[in-house]
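Take a look at the structure set out below.
Numbering (this note's numbering), first residue to last: 69 to 187.
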């Protein structure tokens, strides 16, 4: 199973980014192989609109079945749900910290968007 983490860094020690749609990068972690890849999301950092939807499409194309992020807006939430991707929010300081919480079953599944659009 693959999990997408929002981040601004290049490895597991990188900070977990608080925003989904305008996160600079996605770290796609494969639980089966413990390998990861980075996907650049720079094109959405300054998008006037649609960043959440475009980011959701990027994550879906990566094969991720779950997302861990700080917050998720309404359009991204709907797009991720439509793609069958589970959303978890976390205030962990790093991707590694959020991954540990996921493995321990301590992340709460998001039931709705927790910020308004263009956040």
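Cβ coordinates follow ideal geometry from the N, Cα and C atoms, glycine included.
Separation of the CB atoms of residue 78 and residue 91 is rounded to 13 angstroms, and the pair is thereby denied contact status at 8 angstroms. The DSSP-derived three-state label of residue 183 is coil.
Following the DSSP letters along the chain, one finds residue 95 inside the beta strand (DSSP E) bounded by residues 93–98. Annotated three-state conformation of residue 159 is coil, per DSSP.
The bridge partners DSSP lists for residue 104 are 97.
Residue 180 sits exposed, since fewer than 16 C-beta atoms from the chains shown fall within 10 Å of its C-beta. Per DSSP, the unbroken alpha helix (DSSP H) holding residue 147 starts and ends at 142–150. Distance from the Cα of residue 82 is smallest, within the candidate group 148, 147 and 166, for 166.
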